[in-house]
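Asker: Have a look at this one before I ask anything.
In the working numbering, the protein residues as written are 1 to 92.
Rendered as structure tokens:
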């Protein structure tokens, strides 16, 4: 078996939009996704964030870019998401 399989994104795959916080590694980037959750007891909305490792096959994303990522099969130990498109490029 070859480790160079084509990455297939299912039609019903989960998709998220976030900001690239690190692009130092080859074919990888770290995407920060911010969201709000309502506190169960007090009702106040709290801002939360999650960091997701995403696969960037062409090394096209840069630090600060707003990107869309989609869930796919596990690519490595920490990567199960792939960058589908750059929504907005950073000014850098």
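Where is the CB? At the ideal position from N, CA and C, for every residue including glycine.
Take residue 61 and list the residues in its own chain whose beta-carbon comes closer than 8 Å to its own, dropping the five residues that flank it on each side.
Answerer: Numbered from its first residue, the chain shown carries residue 61 at position 61. Cβ neighbours of residue 61 beyond the five flanking positions: 20, 23, 29, 67, 83, 86.
Asker: Cβ atoms of residue 63 and residue 90: under 8 Å apart, would you say?
Answerer: The residue given as residue 90 occupies position 90 in the chain shown. The residue given as residue 63 occupies position 63 in the chain shown. Closer than 8 Å, so yes.
Asker: Would you decide whether residue 26 is buried or exposed? Buried here means 16 or more other CB atoms lie within 10 Å of its CB.
Answerer: Within the chain shown, the letter at position 26 stands for residue 26. Label assigned to residue 26: exposed.
Asker: What's the C-alpha gap between residue 34 and residue 48?
Answerer: Translated into the one-based positions of the chain shown, residue 34 becomes position 34. Translated into the one-based positions of the chain shown, residue 48 becomes position 48. Cα to Cα, residue 34 sits roughly 6 Å from residue 48.
Asker: Helix, strand or coil for residue 1 per DSSP?
Answerer: Your numbering for residue 1 matches position 1 in the chain shown. The predicted position of residue 1 is uncertain, since its pLDDT is 46 and thus under 50; a value taken from the coordinates is nonetheless stated next. Here residue 1 sits in coil by DSSP.
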